[in-house]
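Residue numbers (the numbering used here): 9 to 393.
Contents: one structure, followed by commentary.
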Amino acid sequence: MSSPARSAPVSRIRWRRGAVTEVGRSWRDALELTVEVPGEGALRALAYPSLVGIPQVGDDVLLNTTALAQNLGTGGYALVVAVPDRLPPDPEGPGHLVKARYTPLQVTVQGVDEQETEHHAAIAGADDLGGMPVVVADLHSALPAVLIGMLATDPDLKVAYVMTDGGALPAGFSRTLDVLKTSLAGVVTVGQAFGGDLEAVTLHTGLLAARHVLNADLAIVSQGPGNLGTGTPWGFSGIAAGEACNAVSVLGGLPIGALRISDADPRPRHRGVSHHSLTAFGRVALGGVTLIAPRGLSSELGGQVDEDLAGQPERNPVVWVDTDGLDTALGLSPVPLRTMGRGYPEERAYFLAAAAAGRYAALQVPVDPELVPAAEETGSAAAGD
Numbered sequence: 009m010s011s012p013a014r015s016a017p018v019s020r021i022r023w024r025r026g027a028v029t030e031v032g033r034s035w036r037d038a039l040e041l042t043v044e045v046p047g048e049g050a051l052r053a054l055a056y057p058s059l060v061g062i063p064q065v066g067d068d069v070l071l072n073t074t075a076l077a078q079n080l081g082t083g084g085y086a087l088v089v090a091v092p093d094r095l096p097p098d099p100e101g102p103g104h105l106v107k108a109r110y111t112p113l114q115v116t117v118q119g120v121d122e123q124e125t126e127h128h129a130a131i132a133g134a135d136d137l138g139g140m141p142v143v144v145a146d147l148h149s150a151l152p153a154v155l156i157g158m159l160a161t162d163p164d165l166k167v168a169y170v171m172t173d174g175g176a177l178p179a180g181f182s183r184t185l186d187v188l189k190t191s192l193a194g195v196v197t198v199g200q201a202f203g204g205d206l207e208a209v210t211l212h213t214g215l216l217a218a219r220h221v222l223n224a225d226l227a228i229v230s231q232g233p234g235n236l237g238t239g240t241p242w243g244f245s246g247i248a249a250g251e252a253c254n255a256v257s258v259l260g261g262l263p264i265g266a267l268r269i270s271d272a273d274p275r276p277r278h279r280g281v282s283h284h285s286l287t288a289f290g291r292v293a294l295g296g297v298t299l300i301a302p303r304g305l306s307s308e309l310g311g312q313v314d315e316d317l318a319g320q321p322e323r324n325p326v327v328w329v330d331t332d333g334l335d336t337a338l339g340l341s342p343v344p345l346r347t348m349g350r351g352y353p354e355e356r357a358y359f360l361a362a363a364a365a366g367r368y369a370a371l372q373v374p375v376d377p378e379l380v381p382a383a384e385e386t387g388s389a390a391a392g393d
């Protein structure tokens, strides 16, 4: 008896081969290239040197052009899959955490939580964030504004960034992280994301690493660059912001929501407070999250935000935060502030909301009683008499 014929599987990758004609700028673990592809001309391409080596002019490269052909927002590159005639050396570093698992480009990294690392004992013994404030945002573009709000409030704070795997998986794709590296205590990539200063299996161990390995006072959590949305109530990658709040709550941290607010987005579902924020924080974050609304909005937008947040459950307190000085700080951002193709000040409300969340978080950092001068303690007692 003959077995039924199998149909060929549908191709999911648009493959191309071309020659490198120009090497452009580089940052973190990323290198821009120009690649000449027969029949298609010059394409802008991106290589991750830790994965494929360092392509040079004249090299033949194998490309994935799937997202480029679809004109996706963050898919504006052909991605170098391999330099077939000049493969990189075999990896020699430690680690057995596999990320991007069971894909053709799975990579092995050393996890902060695996047994062979110097930090394993610290992570194994850690079970609490000690009240550490954690700002959760659904878009990577909020990161610099949240950080600006934190450091404008207290420049001595140590801030860690925890990158989840809802957007780009390689941290090396983010030019923002490359510029902010001197302002961050470190980057922790969790889940399937990779390329941070520390790697972690889960968001939970990533948060614990931020607190107990990087010794951060504060943390920011968001997906990497890129966001997948379908225009449906539940079908967007940023919904994981709600799950991130749950992780913070379980670990004894203080979850703080950076609201996605806009009066510039042409899509009604994202005007005022985006349905992404209302769903992720209002319906997924079951442990509760403090939602930060910025003062200083126009009366019309402020009224809309107030109305949009009126239906939040009791577990989600809404705090309106003063924004004096934050516009100036945002205007001095070391990285361009852009979200959904729009910059600051066009999307002022969005970035102001993120910075206000950062300011509120900075003001919630627990104070170590041992660091309070005795004179201050005495003065406080006297004032109460």
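Yeah, the Cβ is synthetic: ideal placement off N, Cα and C, and Gly gets one too.
Would you mind reading off the limits of the beta strand (DSSP E) that contains residue i?
| i | result |
| --- | --- |
| Ala50 | 49-55 |
| Gln231 | 226-231 |
| Ala208 | 206-208 |
| Leu185 | It is not in any beta strand (DSSP E) - Leu185 instead sits in the alpha helix (DSSP H) that spans 183-188. |
| Ala266 | 262-266 |
| Gly103 | That residue, Gly103, is in no beta strand (DSSP E); it is neither H nor E in DSSP. |
| Arg25 | 23-35 |
Work out the CA separation of residue j and residue i for me, nearest whole Å.
| i | j | result |
| --- | --- | --- |
| Tyr110 | Thr347 | 32 Å |
| Val326 | Asp271 | 20 Å |
| Ala337 | Ala208 | 32 Å |
| Ser15 | Glu355 | 49 Å |
| Glu44 | Leu259 | 51 Å |
| Met140 | Leu192 | 16 Å |
| Arg20 | Gly119 | 30 Å |
| Val106 | Ala176 | 16 Å |
| Ala134 | Leu215 | 10 Å |
| Pro342 | Asp164 | 18 Å |
| Thr172 | Val229 | 7 Å |
| Leu222 | Leu206 | 9 Å |
| Ala227 | Val170 | 7 Å |
| Leu80 | Gly49 | 19 Å |
| Phe359 | Arg277 | 18 Å |
| Trp23 | Leu70 | 7 Å |
| Trp328 | Gly84 | 38 Å |
Under 7 Å, Cβ to Cβ, is there at least one residue of chain D near residue i?
| i | result |
| --- | --- |
| Ala217 | Considering every chain present, this structure includes no chain D. It has just one protein chain. |
How far does the alpha helix (DSSP H) with residue i in it reach, from first residue to last?
| i | result |
| --- | --- |
| Pro152 | 151-161 |
| Ala249 | 248-258 |
| Ala90 | Looking at the DSSP string, Ala90 is not in any alpha helix (DSSP H); the run it does join, the beta strand (DSSP E), is 86-90. |
| Arg356 | 356-371 |
| Ala213 | Reading off the sequence, residue 213 comes out as Thr, not Ala. Residues 211-220. |
| Thr172 | Element bounds for Thr172: not the alpha helix (DSSP H) but the beta strand (DSSP E), 167-172. |
| Thr298 | Per DSSP, Thr298 belongs to no alpha helix (DSSP H); it is in the beta strand (DSSP E), 298-302. |
| Leu76 | 74-77 |
| Ala132 | 128-133 |
To the nearest whole angstrom, what separates the beta carbons of residue i and residue j, a pair I think is in contact under 8 Å?
| i | j | result |
| --- | --- | --- |
| Ala27 | Gly157 | The Cβ separation is near 46 Å, so there is no contact. |
| Gly203 | Ala179 | 4 Å |
| Val144 | Gly265 | 6 Å |
In three-state terms, what does DSSP make of residue i?
| i | result |
| --- | --- |
| Glu122 | coil |
| Arg63 | It should be noted that the sequence gives Pro, not Arg, for residue 63. The answer is coil: DSSP assigns Pro63 none of H, G, I, E or B. |
| Arg291 | helix |
| Ala16 | coil |
| Asp316 | helix |
| Val343 | coil |
| Ser285 | helix |
| Thr238 | coil |
| Ser245 | helix |
| Thr336 | helix |
| Ala389 | Because Ala389 sits at a pLDDT of 35, beneath the cut-off of 50, its placement in the model cannot be relied upon, and the following sentence gives the value as read from the coordinates. Helix, per DSSP. |
| Glu308 | helix |
| Pro374 | coil |
| Arg275 | coil |
| Ala193 | coil |
| Ala179 | helix |
Tell me whether residue i counts as near the ligand NAP, meaning its Cβ is closer than 6 Å to at least one heavy atom of that ligand.
| i | result |
| --- | --- |
| Gln78 | This structure lacks the ligand NAP; in fact it carries no ligand of any kind. |
Taking 8 Å as the cut-off, does the region 231-243 touch the region 317-325 (at least 3 CB pairs, one atom from each stretch)?
The region 317-325 makes no contact with the region 231-243: fewer than 3 CB pairs, one atom from each, lie closer than 8 Å.
Between the region 277-297 and the region 246-259, are three or more C-beta pairs nearer than 8 Å?
yes
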